[in-house]
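The structure under discussion appears below in the form of C-alpha cells.
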Amino acid sequence: MEHSDKNLLTANVSKLGPCWVPIYESPVGFNVQHFEAAMLNIIHQPNINSTVIMRADILRENVFDPDEGDTTFTSKIANEIPEFQTDDDSKLLLRDLKDIKVRQIPDVPDIQFTKRHEIVRRVIPRNPFKDYIINQTCLMLTDNKKNSLVVYIPHIDSVEETPYYLPPVYGIGILYNDFKVSVHYLPFGFETPNGKEFTLLKSMTEQDRPIRIALRLLSTATKHSQGRKAGYEKRVNHDLVVPQTNFQNQYITLKKKYSDYFMNNWGESTDPRKHVFEDIAIAAFIIEYWKLNSFEPEKFEFRDLGCGNGLLVHILISEGYKGKGIDARARKSWALYPSEVQNCLLEQIIVPQILLDQQPMPSDVAASIQKQQISTTAEFPKNTFIIGNHSDELSCWVPLLGYPFIVIPCCSFGINGVRKRYPPRKNMAYKTPPSTYKALVDHVEDIALMNGWLVQKEMLRIPSTRNAAIMSCKKIPVLTNEPEHIKRIRLLDIIALEGGADGWVENSINLMKSEPKKH
1115 MEHSDKNLLT
1125 ANVSKLGPCW
1135 VPIYESPVGF
1145 NVQHFEAAML
1155 NIIHQPNINS
1165 TVIMRADILR
1175 ENVFDPDEGD
1185 TTFTSKIANE
1195 IPEFQTDDDS
1205 KLLLRDLKDI
1215 KVRQIPDVPD
1225 IQFTKRHEIV
1235 RRVIPRNPFK
1245 DYIINQTCLM
1255 LTDNKKNSLV
1265 VYIPHIDSVE
1275 ETPYYLPPVY
1285 GIGILYNDFK
1295 VSVHYLPFGF
1305 ETPNGKEFTL
1315 LKSMTEQDRP
1325 IRIALRLLST
1335 ATKHSQGRKA
1345 GYEKRVNHDL
1355 VVPQTNFQNQ
1365 YITLKKKYSD
1375 YFMNNWGEST
1385 DPRKHVFEDI
1395 AIAAFIIEYW
1405 KLNSFEPEKF
1415 EFRDLGCGNG
1425 LLVHILISEG
1435 YKGKGIDARA
1445 RKSWALYPSE
1455 VQNCLLEQII
1465 VPQILLDQQP
1475 MPSDVAASIQ
1485 KQQISTTAEF
1495 PKNTFIIGNH
1505 SDELSCWVPL
1515 LGYPFIVIPC
1525 CSFGINGVRK
1535 RYPPRKNMAY
1545 KTPPSTYKAL
1555 VDHVEDIALM
1565 NGWLVQKEML
1575 RIPSTRNAAI
1585 MSCKKIPVLT
1595 NEPEHIKRIR
1605 LLDIIALEGG
1615 ADGWVENSIN
1625 LMKSEPKKH
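Residue numbering for the sequence shown is 1115 to 1633, as defined by my numbering.
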C-alpha cells in the first residue's frame, strides 16, 4: 500500500466542475509537454499503472492537430473478440467489447479545452479468466496554453460492472494545471447533482481502495512526467522478434493450463513463483518464435540443454512438440511429469562432438559414454533446434553446435567449462560501464556472428534480470550451403580464439557430482 503525505481533497470543489470529485493534488517541476508525452505513453502501456493489467490494444485513435491536420486510425482487430485456448470450460470475462464508440465528459466550465487525442483501447488483464477485458476511452484535452487533461472512461454502465483493477467511477481525470497535477473522479450518475455515487466518493477516506488507486495514478503520472523532463531514455526495448500480442496471448493460454498445478506441487527448493512463471513465459516466447519461422511440430525436434527442473520440456511436449531435455543432474521435479515426459528427460552431460574428434578420449570419458552418461551433439537429429535456457557452461557453446538455437545466458563461463569474466566490447561508447552479464550476452552474440548466424536479440518479458535471449534459425546467405570441412575449420578457429576447450569434458563430468544451481 502506498503511503500518502498529501491531503485528501474530497471536501473541496473540483477544478473540473461541480460534478467531479477532487482526490489528490501535487506540485510539480515539469512542463505541460512533459506531462502530455508521459501520459500518451501510459495510455499505450496501462500496465505501468497496474500490475493486474498486461497490455492495451489500441482499437481506434483520432488525432486533432491544427498544424499537421487531423488523422483517424481504426485497428483491424477492433471488431474481433480475443480468444485464449484452454483445456477446460473456463470462460473469458468480457465486457461489451463491440462498443468502440468514443465516450465523452461534460464541458469543463473554467478551462476552454479542445481535443488533442481520442483513443479507444482494449485493456487485457494478466488473468482474463478472473478479471474482465474491457474497452476504455482515453481523452487528451488541451487549452493550447498551460493546461492539459487526460481522461479514462471505461465502456461500462454502472458501478457493478467495474473490473477489479479500476475505481468504480464513470471517468478518471488527471489534470495538469499551473505546475500542479491532480486526480479527479467523475461518478456514475454525475448528471444528478449530489447523487448517491457523488456523495459516497465525498465520504471516502485514505484507506478506501478508490482513493488508494488515485494516489497510485498521481504518483505514476508525476514520476513519468519528471522522467520525460530529465531526458529519460528507455533502456530496454521488448517485442523486437515476437510481437507483444502473440507472446502475451500465448502466455495467458499456457499460464491457465500449467501454473496452478506446479505452483501447488513444486518439487524443488527454489521459489515456484519465479521459476514456474518464468518457464511458462519462455515457453510462450519459443512457441511463437517457432510459429513465426515456420517450425512445424512434426518436422523438427528440440533439445533443451541444461534443462534443470524440466518444466520447459514438459510444456513444449504437452503442446505437441517433440524433443528432449538433458541435464547433468536429475531433479526432484522430474517425477511430477507424466511418463511420456519423464522418458524425454535425460541425466547426461553434453559434449560437442568436435571435442571428441580432436583428442584421444580419456578412459573415464570412454567409460561414461559406454554408460550412456554422455550425450554427444552428433547424436542429435539434423532437424534439431537447440534451447539453452540459463544453461551456464553451455551458453557460449550453443551457437557453435551447428543447429538453429535460442540461448538465454545467465552465469559466465568459458568454453572450457571454467568460470570466466568477459571484457566489454571494444570501440563502444558506454554511458556507464557494462555489467558482467551484458559483457557475457554480447560475447555470446559475437560468437554466433563469427559462426555465420543471422542473429536476433530479444529482452524477454520474464521475472528475471537475466532476460536477454539470442537466437537464430538462419545462416548468412553466403554460408547457407557451406561445405562441411569449411564449417569445421571455422569452428576450430573460433575455439582457438576462445582460448581452447581443454578441460571441458572433465569439468562437465564433475558437474554430475555437484549440487544443482538454484537460479
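No residue lacks a Cβ here, since even glycine has one placed at the ideal position from N, Cα and C.
Check                                                                                                                                 : Outcome
Given residue 1444 as reference, the closest of 1319, 1153, 1463, 1434 once Cα atoms are compared                                     : 1463
Alpha-carbon to alpha-carbon, residue 1554 and residue 1561                                                                           : 11 angstroms
Environment of residue 1378 [buried if 16+ CB atoms lie within 10 Å]                                                                  : exposed
Residues of its chain near residue 1456, where Cβ-Cβ distance is below 8 angstroms and the 5 sequence neighbours each way are ignored : 1448, 1449
Span separating the alpha-carbon of residue 1185 from that of residue 1423                                                            : 52 angstroms
Close beta carbons around residue 1176, own chain, < 6 angstroms, minus the five adjacent residues each side                          : 1186, 1232
Reduced DSSP category for residue 1115 - H, G, I as helix; E, B as strand; rest coil                                                  : Only weak support exists for where residue 1115 lies, its pLDDT of 48 falling under 50; the coordinates are left without a value.
Runs of alpha helix (DSSP H) lying entirely within the stretch 1261-1324, each at least 4 residues, in chain order                    : 1310-1316
The stretch 1608-1621 touching the stretch 1465-1472, judged by at least three CB pairs closer than 8 angstroms                       : yes
Residue environment, residue 1498, which counts as buried when at least 16 other CB atoms sit within 10 Å                             : buried
Beta strand (DSSP E) segments (min. 3 residues) lying fully within the stretch 1477-1546                                              : 1488-1490, 1498-1503, 1519-1522
Burial state of residue 1383, where buried means 16 or more other Cβ atoms lie within 10 Å                                            : exposed
Check: residue 1340 C-beta below 7 angstroms from any heavy atom of the ligand NAD                                                    : Summarising the ligand content, the structure contains no ligands, and the ligand NAD is consequently not present.
Buried versus exposed call for residue 1624 [16 or more other C-beta atoms within 10 Å across all chains shown]                       : exposed
Between the CA atoms of residue 1289 and residue 1174 - distance to the nearest angstrom                                              : 23 angstroms
Contact set for residue 1170: own chain, Cβ-Cβ below 6 angstroms, skip 5 residues either direction                                    : 1160, 1235, 1237
Pairwise C-alpha distance: residue 1416 and residue 1537                                                                              : 32 angstroms
Selection from 1247, 1165, 1219, 1249 that minimises the alpha carbon distance to residue 1298                                        : 1219
Straight-line gap, residue 1502 to residue 1151 (C-alpha atoms, nearest Å)                                                            : 39 angstroms
Same chain, Cβ closer than 7 angstroms to residue 1300, neighbours up to 5 away in sequence not counted                               : 1133, 1134, 1219, 1283, 1284, 1285, 1287
Residue nearest to residue 1123 in terms of C-alpha spacing, selected from 1364, 1315, 1520                                           : 1315
Where residue 1372 falls: helix, strand or coil (DSSP)                                                                                : helix
Cα-Cα separation between residue 1390 and residue 1437, rounded to whole angstroms                                                    : 20 angstroms
Helix, strand or coil at residue 1144 [DSSP, three-state]                                                                             : coil
Rounded distance between the beta-carbons of residue 1402 and residue 1364, thought under 8 angstroms                                 : 5 angstroms
Euclidean distance between Cα positions of residue 1147 and residue 1154                                                              : 11 angstroms
CA nearest to the CA of residue 1558, picked from 1600, 1574, 1594, 1506                                                              : 1506
Residue 1413 to residue 1277 span [Cα, whole Å]                                                                                       : 44 angstroms
Presumed contact (8 angstroms Cβ cut-off) between residue 1216 and residue 1130, rounded CB distance                                  : Not quite, the Cβ-Cβ distance comes to about 19 angstroms (not below 8 angstroms), so this is no contact.
Ordered list of beta strand (DSSP E) runs contained in the stretch 1404-1478, each at least 3 residues                                : 1415-1419, 1436-1441, 1459-1461, 1463-1465
Simplified DSSP assignment, three categories, for residue 1554                                                                        : helix
DSSP bridge partner residues for residue 1239 (one or two, in chain order)                                                            : 1167
Residue 1139, buried or exposed, once every other Cβ within 10 Å from all chains shown has been counted against 16                    : buried
Which residues DSSP lists as bridging residue 1136, in chain order                                                                    : 1298
Residue range of the alpha helix (DSSP H) that includes residue 1253                                                                  : Unbroken run through residue 1253 is the beta strand (DSSP E), 1247-1256; no alpha helix (DSSP H).
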